Each structure stands twice: as structure tokens, then as C-alpha cells.
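To start, the structure under review is shown below, and the notes come after it.
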Amino acid sequence: MASALSQFLQAVAFGLVEASVISVGAVGLTLSYGVTRFINFAYGEFLAYGAFLAFFLSGAGAGVVGLPVAAVVAVLLVGALGVAVSRVFFRPISDRGALPLLITSIGVAFILRYLLIAGASAEARQLPVPLMRPVEVAGVGLTPLELGVVAVSVVTMLAIHLLLQRTMLGKTMRATSGNRSLAEVAGIDTDAVIRKTWFISAAAGGLAGILYGVLFAPFRPTFGFGYLIVVFAATLLGGIGRPYGAMLGAVLIGLMISLGSTYLSASYDQAYAFIALVGVLLLRPEGIRGGEF
Amino acid sequence: MGDGDSKGRSAGPGIDAIRRYDHAILSARDIETGYGDLQVLFGVDLDVRSDEIVLVFGPNGAGKSTLMRALVGTLPLWAGTVEMNGDDLSGLEANEMVPRGIGYVPQTENVFPNLTVDENLDIGTIHAADPEARREAMFDLFPRLADRRDQEAATLSGGERQMLAMARALMPDPEVLLIDEPSAGLAPQLIERTFEYVDRVRESGTAVLMVEQNVKAALAVADRGYVLDVGENRFEGDADTLRDAERVRDLYLGK
């Protein structure tokens, strides 16, 4: 009995660890949707670029700096990549409606992915993280690395919460999300707000990719697009465009993947997210219509 | 209204002649604009002087809201100019109008539904010199908003939303406030109240330009008005003159 309980608790703990990664990714995706009103399918590539930039900047690649510094630099670079991508591909067609933007973003995803493969090869890579022994508490074991991923995610969620609620940038982001044309006549430079939102969104994607790389080594340049489905499921479950919904959705999807892997079969982990996604579309279709933050 | 400089046929208190004013704060000249291939405004002149409430009225489809949108820069001008204290505003982005002293309350969707009352006012502080003093002034003007300050705007009643929309636009202390149909969709007992607020806005030192279908009630507080029809000024005059003019009454005020 005790072992059945601890198996369950262990599965929940792993679920929360994965939820930490999903949450950072889902919040980033939902923020860009909230102000631009289209689903950015190139978002998965921000995850891949984050992980690969961190890899090359840290010991395993060029060996210039340690992983934490490399991670910070990578996150900032991916943020800048997000601004550049939106400027080059999305802004010129921003008045054409959501569908052309969405289809363009699929094309952008391919461009970014194959540029990454061209530059980094399709080889699987691993971030320079030490193998660690789990610390056991009440039969539940997590490594310090996994706990670190949870901590980074919690801090990120708190930072985004404070950004949205306490800062003028956050309020102008929410105002732009709620009613862009009113935001404009209220004196908000909405182009600048959208640019900053792209930075934050892509940077969060980059961070999610690094956290993914820490947890699930080795990874290939194509992992971002695959994991986008998982991130997407959490985003929709929470109602796309709603950051707090995305956080809740991430917890539910993380638990689903972990419990499914433990009790059904570990071979289908991302399929559980896909099932959840289909379930959301059937039972809660308003999730894809989206809201504002 | 001594500094009226007559453009057209007859002088006097207005009506047929669309007077132009030299010392206006907001001046529009020969404005033409529209949507796609559809021209809506065919050369509209308009002035708002300080301490004035100016009303724009006319039948549906006359281009009243279009005129407002052209003035605040959400619709590009095809021809003509908009000047604020002599500075040409033509071609500026809508968000650049606020720091130049223009406030705007659209007819619908004029609050941020997902922001609280306080946060809606915060948005107004972006271009406010003394945000906290302005916030207090707004709560003095609209005490109801103070009771609702932590509520999301989506939960407000229609009348409260209209107050919040005006308060948000007034936060930067604009020289002129443009209001599109402030009484639209409000219960009859609130309509009169709305025009009292408009009057108080003017008393606080902000000139008002409003579009309104509820002409009789609006003319009661307005100083001057323009009658717009098919994208052109038909008449201009002092509120009393417009109210009493038979042609205006027959055509636009209802029997």
C-alpha cells in the first residue's frame, strides 16, 4: 500500500517538474497571442534555439561561460530573435487577419528549424549538467536539478505576474490585449508594446527550451516543434491569451503526462498531451477562441 | 462670438455660413476621408475654442463618428489639415494625439474590460503630469468610480462605464475632449446626468467636442454646434440659434 501511494506521489512530483517547463513555455506563447491574436507556430523553435544557444555558449560548446550565464545570454538572444522574426515576417502582414499570420508562422518555423540544423547539425546534444542523485523525502525522490527547474519556473511565473500587475509595461500589455484600438487612442504606443511582448514571449520560449534541455537530455534541433504540441495543449486548456490559465493548464498537462506514463505506458507521453488537446477542443472549444489578460 | 470670420454667404450668428475662428485650440480645415473607396467626408471645417462645448449632429450616416476618427488619427486624412494650437497634427499616429492635448472617448468599447477601474485610470497616467492629483480629481468628478476602483471594468454598469471612459480620457488633463455619443445606450435618467458631466468637464477647463444623437438635451449644455449631412457641414451656429432655426429643426431635430 505504502509503495502504491509513494508511486503515485512520485508520479505527481514528476508531473509538477514537467509542468514547470510547460508553464514557462505556455505563458510565453499565450502572451504573444494575447496582444497579436494569432497562434505563433514558430514558437517551438524558440525552445530549440534557447537550448542550442545555451549548449554552444556553455562548456559543452564553445566553453566560454558556465551554464547559468550561458542560459541568461541565450534567453536574451532568443528574445531578440523573437523581435526580429516579428519585425521581418509578422509585422508587414499584421493587418491581414489571424489566418495568414498563422500560416506564415508555420513557414517561419521551418526556416528557423532548418537554419538551426544547418548551423548545428541534426545531432543530439546534451547540456553540461551533472548527474545527480535524487533527494528522497517521504518516499518521493527528485534531484536537485529537477528542484532547480521547478524553482526557476516558479520565479519566472512570479516575475510575469508582477510584470502584468505592477508595472506600466504590464498594464499597457493587458490594455493592448483587451482593446488594441482603444489602447492606441489612450496614448499607448501599441507597436512598441507588441515589440516588447514579442521579446518577453520569445525569451520565455528560450527559457522553456533550456529547462527542457536540463531535464530531457539529449535533445535534437527538432524537439521544439514536437514539444510545441504539449505547450499548446496547456495554453488552450487555460484559454489562449490568459497567462494564469496557461499556468493552470501546464500543471494539468504535466500531471496527465506523468500519470499516464506511470500507469498506462511511458511510450506515449506526448500523446497524452495530444489527447488532452483534442479533449479541450471537443469539450471546451472556447479555449481556442481565447481571451485577454 | 465676435471673432467669427465668415467664409461664405451671410454673416451673423451662423447657420448657413460656416464660421472659422482664428483663436481656436482645435481646428480642422477641408477634411476629406473615408473607408477604402468610399468617401465619407467631403471637406469639413470645424473649430473648438477653449471653454467651449461644441456639438456635432446630423442624420445617421452623415459621417459624425468618421469625423471624430479623422480628428484623433485613427483614420488617415485624404485631404485637409487638423491643427492643435497651430501645430499641424495631420499624419500623426493616434497615440501621439494624447500628449498634444487631445482626449478621445469612442462610442463603444471605450474602457479596458480586463483592467480594474484604477488600472484603466493608470493607462491614462502615461501622459499625465501629476497622476495622483488627476486621479483624485476624477474621483471627485465621478465619486461612483472611487467605490468601484478595484472592480474590473467589465463588471460596471453602462453608466459607470461611460464615467470611466471619460475619466480615463481626462487623466492626462487634455485641452479638448472628443466624445462620441456619450448618451448612447444609457437609460433616460442617466442621459441628463451624462450631459451634466460634460458641463462639469468644461468647467474644469477642458473644452468638449461631442457627437450626439440626443440633440435637444445636448444643445442644452452646448455653446455651439455643427450640422453635418452627407459628409459636409450644412449649418453652424450658436446653440440657441440652431435650436430655434426652423430649417434645422425640421430637418434634424425631429418634429
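Chains A and B, in that order, give the protein sequences. Going by the numbering used here, the first sequence wraps up at 349, each residue one higher than the last. Going by the numbering used here, the second sequence wraps up at 258, each residue one higher than the last. Yeah, the Cβ is synthetic: ideal placement off N, Cα and C, and Gly gets one too. Computed from a predicted structure; not experimentally measured.
Inset, instruction - Let me know the secondary structure DSSP gives B/N123 once reduced to three states. - result: Stepping through the second sequence from its first residue, residue 123 of chain B is reached at position 120. If DSSP states are grouped into helix, strand and coil, B/N123 belongs with the helices.
Inset, instruction - Note down the Cα distance separating A/D325 from A/G261, rounded to an integer number of angstroms. - result: Translated into positions along the first sequence, residue 325 of chain A becomes position 269. Translated into positions along the first sequence, residue 261 of chain A becomes position 205. In a straight line, the C-alpha of A/D325 is about 21 Å away from that of A/G261.
Legend entry - Interface residues of chain B facing A/Y337 [CB-CB closer than 7 Å]: In the first sequence, counting from the first residue as 1, residue 337 of chain A sits at position 281. Residue identity differs from the one stated: residue 337 of chain A is Leu in this sequence, not Tyr. Within chain B, no residue comes near A/L337; the closest Cβ sits about 24 Å away, beyond 7 Å.
Inset, instruction - Whole angstroms is fine: what's the gap from A/A327's alpha carbon to B/G104's? - result: Within the first sequence, numbered from 1, the residue matching residue 327 of chain A stands at position 271. Within the second sequence, numbered from 1, the residue matching residue 104 of chain B stands at position 101. Taking the straight line from one Cα to the other gives about 56 Å.
Inset, instruction - For the region 233-256 of chain A, enumerate the residues whose C-beta is nearer than 8 Å to any C-beta of chain B, in chain order. - result: S233, G234, N235, S237, L238, A239, E240, V241, A242, G243, I244, D245 and T246
Inset, instruction - Note down, in chain order, every chain B residue with its Cβ under 8 Å from the Cβ of A/R230. - result: As a first step, residue 230 of chain A is located in the first sequence; it is residue number 174 there, counting from the start. By Cβ distance, chain B contributes F115, N117, L118 and E122.
Legend entry - Beta-carbon proximity of A/P341 to A/F108, cut-off 8 Å: Taking the first residue of the first sequence as position 1, residue 341 of chain A is located at position 285. Taking the first residue of the first sequence as position 1, residue 108 of chain A is located at position 52. It is not a contact, given that the beta carbons lie outside the stated cut-off.
Inset, instruction - Sort out for me which residues DSSP pairs A/I256 with in a bridge. - result: Residue numbering aside, residue 256 of chain A sits at position 200 when the first sequence is read from its first letter. Answer by DSSP bridge pairing: none, since A/I256 is not bridged.
Legend entry - Cross-strand partners of B/I182 (DSSP beta bridge): One-based indexing of the second sequence puts residue 182 of chain B at position 179. According to DSSP, B/I182 bridges with B/V108 and B/M213.
Inset, instruction - Could you check which residue in B/G83, B/L173, B/F238 and B/A223 has the C-alpha nearest to that of B/P102? - result: Mapped onto the second sequence, residue 102 of chain B falls at position 99. When each option's Cα is compared against that of B/P102, the closest is B/L173.
Inset, instruction - May I have a chain-ordered list of the alpha helix (DSSP H) segments no shorter than 4 residues that lie completely inside the region 67-115 of chain B? - result: 67-75
Inset, instruction - Output yes if chain B places a C-beta closer than 8 Å to the C-beta of A/E342; else output no. - result: Along the first sequence, read from residue 1 onward, the residue named residue 342 of chain A stands at position 286. A/E342 does not count as touching chain B.
Legend entry - Beta-carbon proximity of B/D243 to B/V224, cut-off 8 Å: In the second sequence, counting from the first residue as 1, residue 243 of chain B sits at position 240. In the second sequence, counting from the first residue as 1, residue 224 of chain B sits at position 221. Contact: no.
Inset, instruction - Compute the distance between the beta-carbons of A/A351 and A/A248, then report whether it is under 8 Å. - result: Summary: the structure shown does not reach residue 351 of chain A, with chain A confined to residues 57 through 349, and so no result is reported for it.
Inset, instruction - Return the residue from the list A/V336, A/F275, A/E74 and A/Q63 that minimises the CA-CA distance to A/L201. - result: By one-based count along the first sequence, residue 201 of chain A stands at place 145. Ranking A/V336, A/F275, A/E74 and A/Q63 by Cα distance to A/L201 puts A/E74 first.
Inset, instruction - Look at the Cβ atom of B/L181, then the Cβ atom of B/V75, and state whether they are nearer than 8 Å. - result: Within the second sequence, residue 181 of chain B is the residue found at index 178, counting from 1. Within the second sequence, residue 75 of chain B is the residue found at index 72, counting from 1. Closer than 8 Å, so yes.
Legend entry - Cα-Cα separation between A/S233 and A/G163, rounded to whole angstroms: If you number the first sequence from 1, residue 233 of chain A lands on position 177. If you number the first sequence from 1, residue 163 of chain A lands on position 107. A/S233 and A/G163: Cα-Cα distance of roughly 25 Å.
Legend entry - Cβ-based neighbour list, A/P156, same chain, cut-off 6 Å, excluding 5 preceding and 5 following: Stepping through the first sequence from its first residue, residue 156 of chain A is reached at position 100. I149, listed in sequence order.
Inset, instruction - Starting from B/A223, follow its DSSP beta bridges and name the residues at the other end. - result: Position 220 of the second sequence, counted from the first residue, corresponds to residue 223 of chain B. B/A223 is not bridged to any residue.
Inset, instruction - Indicate whether at least one CB of chain B lies closer than 8 Å to the CB of A/E348. - result: Position 292 of the first sequence, counted from the first residue, corresponds to residue 348 of chain A. Output row for A/E348: interface = yes.
Inset, instruction - Measure the Cβ-Cβ separation of B/L80 and B/S93 and say whether it is below 8 Å. - result: Start at 1 with the first residue of the second sequence, and residue 80 of chain B comes out as number 77. Start at 1 with the first residue of the second sequence, and residue 93 of chain B comes out as number 90. Cβ distance < 8 Å, so B/L80 and B/S93 count as in contact.
Legend entry - Residue burial classification, A/S177 (beta-carbon count within 10 angstroms, cutoff 16): The count along the first sequence starts at 1 and reaches residue 177 of chain A at position 121. Answer is exposed; the Cβ neighbour count stays below 16.
Inset, instruction - Tell me whether B/D247 is buried or exposed, calling it buried when 16 or more other Cβ atoms sit within 10 Å of its Cβ. - result: Start at 1 with the first residue of the second sequence, and residue 247 of chain B comes out as number 244. Exposed.
Legend entry - Residues near A/F97 in its chain [Cβ-Cβ closer than 6 Å; skip 5 each side]: Looking up residue 97 of chain A in the first sequence gives position 41. S161, I162 and A165.
Legend entry - chain A within 8 Å of B/I126, Cβ atoms only: Sequence index remark: in the second sequence, residue 126 of chain B carries index 123 (1-based). True, the Cβ-Cβ gap to chain A drops below 8 Å.
Inset, instruction - Take the Cβ of B/H26 as the centre, count every other Cβ of all protein chains shown within 10 Å, and call the residue buried at 16 or more, exposed below. - result: As a position in the second sequence, residue 26 of chain B is number 23, starting the count at 1. It counts as exposed.
Inset, instruction - Using 10 angstroms around the beta-carbon of B/N253, count the other beta-carbons present and answer buried if the total reaches 16, otherwise exposed. - result: Reading the second sequence from its first residue, position 250 is the one you call residue 253 of chain B. Before going further, note that residue 253 of chain B is Asp rather than Asn in the sequence given. The residue in question, B/D253, is exposed, as its Cβ has fewer than 16 Cβ neighbours within 10 Å.
Inset, instruction - With DSSP collapsed to three states, give me the class of B/D202. - result: Taking the first residue of the second sequence as 1, we reach residue 202 of chain B at position 199. Residue state, collapsed to three classes: helix.
Legend entry - Residue environment, B/Q165, which counts as buried when at least 16 other CB atoms sit within 10 Å: Mapped onto the second sequence, residue 165 of chain B falls at position 162. Per the 10 Å Cβ criterion, buried.
Legend entry - Same chain only: Cβ atoms within 7 Å of B/P177, ignoring 5 sequence neighbours per side: To locate residue 177 of chain B, count along the second sequence from 1; it is residue 174. Correct list, in chain order: G104, I105, G106 and T209.
Inset, instruction - Using three-state DSSP, classify B/Q165 as helix, strand or coil. - result: Here residue 165 of chain B corresponds to residue number 162 of the second sequence, with the count starting at 1. Helix, per DSSP.
Inset, instruction - My understanding is that A/F349 touches A/L220, with C-beta atoms under 8 Å, so please give their C-beta distance in whole angstroms. - result: Here residue 349 of chain A corresponds to residue number 293 of the first sequence, with the count starting at 1. Here residue 220 of chain A corresponds to residue number 164 of the first sequence, with the count starting at 1. So it is a contact: roughly 6 Å between Cβ atoms.
Legend entry - Assigned secondary structure, B/S30 (DSSP; H/G/I helix, E/B strand, else coil): Along the second sequence, read from residue 1 onward, the residue named residue 30 of chain B stands at position 27. Of the three classes helix, strand and coil, the one that applies to B/S30 here is strand, per DSSP.
Legend entry - Beta-carbon proximity list for A/S114, same chain, < 6 Å, skipping 5 on both sides: Here the question's residue 114 of chain A lines up with position 58 in the first sequence. Within the same chain, A/S114 has close Cβ partners L123, A126 and P184.
Inset, instruction - Could you pull the start and end residues of the alpha helix (DSSP H) that A/E202 belongs to? - result: In the first sequence, residue 202 of chain A corresponds to position 146, counting from 1. Here the alpha helix (DSSP H) through A/E202 covers P200 to R222.
Inset, instruction - Please specify which runs of the alpha helix (DSSP H), each continuous and at least 4 residues long, are wholly inside the region 163-188 of chain A, giving them in chain order. - result: none
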